[in-house]
Amino acid sequence: MTCIFCDILDGKREGHILYEDDSHVSFLDRYPIDVGHSLVVPREHHERITDMTPENVGKLFSLVPKIAKAILTGANADAFSVAQNNGRAAKQIIPHVHIHIIPRYNSKGTIWTKRQISSDSELEELAKKIRSAI
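Numbering (the UniProt record's numbering), first residue to last: 1 to 134.
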């Protein structure tokens, strides 16, 4: 089975990259819950966080503050939520470990289930703003 996130990491699919280092990549979610919804993903494929070493889990989560701060600035958000799902019953759609950083806006309230579809040009413009804030 092909992993969509592995394809993005390998350059086989387009991803609006926000941050990358030797072990991790962050990019905008293609079907965001709200504007600026982003993912932090380890380059090494693991289906669930329980498949990772505690050290690698710590390294993954240690990136969240840096990227979230940039998302707040780049997306002009008021706050953010963090989520991490494991397995289909937990609504993990892509079986590759990832952390959701979901910007929140005072004017909109908090919605967990409604997703929107952004155009590539909208995603690229937002990715530029967030990258410049990192």
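The C-beta atom is built at its ideal place from N, Cα and C for all residues, glycine as well.
- Taking the Cβ atoms as the reference, ILE94 lies roughly 20 Å from PHE80, outside the contact range of under 8 Å.
- Listed as beta-bridge partners of PHE80 by DSSP are PRO103.
- Taken in chain order, the whole beta strand (DSSP E) runs of length 3 or more contained in the UniProt domain "HIT" (4 to 112) are 17 to 20, 24 to 28, 38 to 42, 79 to 83 and 99 to 104.
- In terms of Cβ geometry, ILE130 and ALA83 do not form a close pair [threshold 9 Å].
- Minimum Cα-Cα distance from ILE4 among the listed residues VAL40, ASN106, VAL64 and HIS96 corresponds to HIS96.
- For SER118, the secondary structure class from DSSP, reduced to helix, strand or coil, is coil.
- Of THR53, ASN76, ILE134 and PHE61, the smallest CA-CA separation from GLY36 is found for ASN76.
- Using a 10 angstroms sphere on the CB of ASP120, the tally of other CB atoms stays under 16, which defines it as exposed.
- Across the set LEU9, ILE33 and VAL57, the C-alpha of ILE33 shows the shortest separation from the C-alpha of GLY109.
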